[in-house]
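Counting from 1, position 12 in the sequence shown corresponds to residue 972 in our numbering; the numbering is continuous, with no gaps. Built from N, CA and C at the ideal position, the CB exists for glycine as well. Computed from a prediction, not measured in an experiment: that's the story for all the values here. I have placed the structure first, in the form of structure tokens, so that the comments after it can refer back to it.
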Amino acid sequence: MIGRQVLLLGASLVGSLLFMDQRSATAESVGPIVRIAELEIDPAQLDAYRAALKEEIETSIRIEPGVLTLLAVSLKEHPEQIRLFETYKDAAAYESHIQSPHFKTYKTRTGQMVKSLRLVETDPILLGSKSK
């Protein structure tokens, strides 16, 4: 009886370790990347920033298959406080995005407009949306 319990415990432990190993490898190599960018824009340049952001988002969504979602909002009481919600197919799609010519142009154009930038890494729990 004790031998059987030890055997079951050992099999259970091995199965758990294999599952955890597989889950870690999968989590690191595939799956969506979700980021939140918190920006503070120079109020005197807010209109120019919004125009550059609009162009960058529209281009990214149109030509980059790995860019799934780019949403931009501002805080009601502080329009210079911008939040970007970004969803990419995977890490490779994110890397491709930040190396794209249009993203580099956006960064160059807006560099002097951005007073602060904070990137927030996330772990997606549930992603849902409706098409229009």
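Query raised in the report: Can you round the beta-carbon distance between G1026 and D1050 to whole angstroms, since I take them to be within the 8 Å contact cut?
Result: Start at 1 with the first residue of the sequence shown, and residue 1026 comes out as number 66. Start at 1 with the first residue of the sequence shown, and residue 1050 comes out as number 90. Between D1050 and G1026 the Cβ distance is about 7 Å, and since that is below 8 Å, they are a contact.
Query raised in the report: A1097 to A1004, Cα distance in whole Å?
Result: Limits of the chain in this structure are 961 at one end and 1092 at the other, which puts residue 1097 out of reach.
Report task. State the Cα-Cα distance for the pair L1079 and I993, rounded to the nearest angstrom. Result -> Locating residue 1079 in the sequence shown gives position 119, where the first residue counts as 1. Locating residue 993 in the sequence shown gives position 33, where the first residue counts as 1. Rounded to whole angstroms, L1079 to I993 spans 13 Å at the Cα level.
Query raised in the report: Which one or two residues does DSSP pair with M1013 in a beta bridge?
Result: Counted from its first residue, the sequence shown places residue 1013 at position 53. It is worth fixing the name first, because residue 1013 is Leu in this sequence and not Met. Bridge partners of L1013 according to DSSP: none are assigned.
Query raised in the report: Using a Cβ-Cβ cut-off of 6 Å (strictly less than) and excluding sequence neighbours within five positions of L1044, which residues of its own chain qualify?
Result: Position 84 of the sequence shown, counting from 1, holds the residue named residue 1044. Exclusion of the five residues before and after L1044 leaves A997 and A1032 as the residues of its chain whose Cβ lies within less than 6 Å of its Cβ.
Query raised in the report: By how many angstroms is the C-alpha of D1083 removed from the C-alpha of I1017?
Result: By 1-based counting over the sequence shown, the position of residue 1017 is 57. By 1-based counting over the sequence shown, the position of residue 1083 is 123. One C-alpha to the other measures close to 23 Å.
Query - Same chain only: Cβ atoms within 7 Å of S1034, ignoring 5 sequence neighbours per side - result: Counting from one through the sequence shown, the residue named residue 1034 turns up at place 74. For S1034, where only same-chain residues beyond five positions count, the Cβ hits under 7 Å are Q1041 and I1042.
**Report entry** Straight-line Cα distance separating M1073 from S1060
**Finding:** As a first step, residue 1060 must be located in the sequence shown, where it is residue number 100. As a first step, residue 1073 must be located in the sequence shown, where it is residue number 113. Cα to Cα, the separation comes out at about 20 Å.
Query - I1001, buried or exposed, once every other Cβ within 10 Å from all chains shown has been counted against 16 - result: Reading the sequence shown from its first residue, position 41 is the one you call residue 1001. With 16 or more other Cβ atoms from the protein chains shown falling within 10 Å of its own Cβ, I1001 counts as buried.
Report task. Quick one: measure Cβ to Cβ for D1055 and L1030, integer angstroms, because I've assumed they're closer than 8 Å. Result -> Residue mapping note: residue 1055 aligns to position 95 of the sequence shown, counting from 1. Residue mapping note: residue 1030 aligns to position 70 of the sequence shown, counting from 1. Just to set this straight, residue 1055 is Glu in the shown sequence, not Asp. That pair is no contact at about 16 Å.
Query raised in the report: Under a three-way DSSP split, which group does Q1059 fall into?
Result: For the purposes of this step, residue 1059 is taken as the residue at position 99 of the sequence shown. Looking at Q1059 - three-state DSSP - the assignment turns out to be helix.
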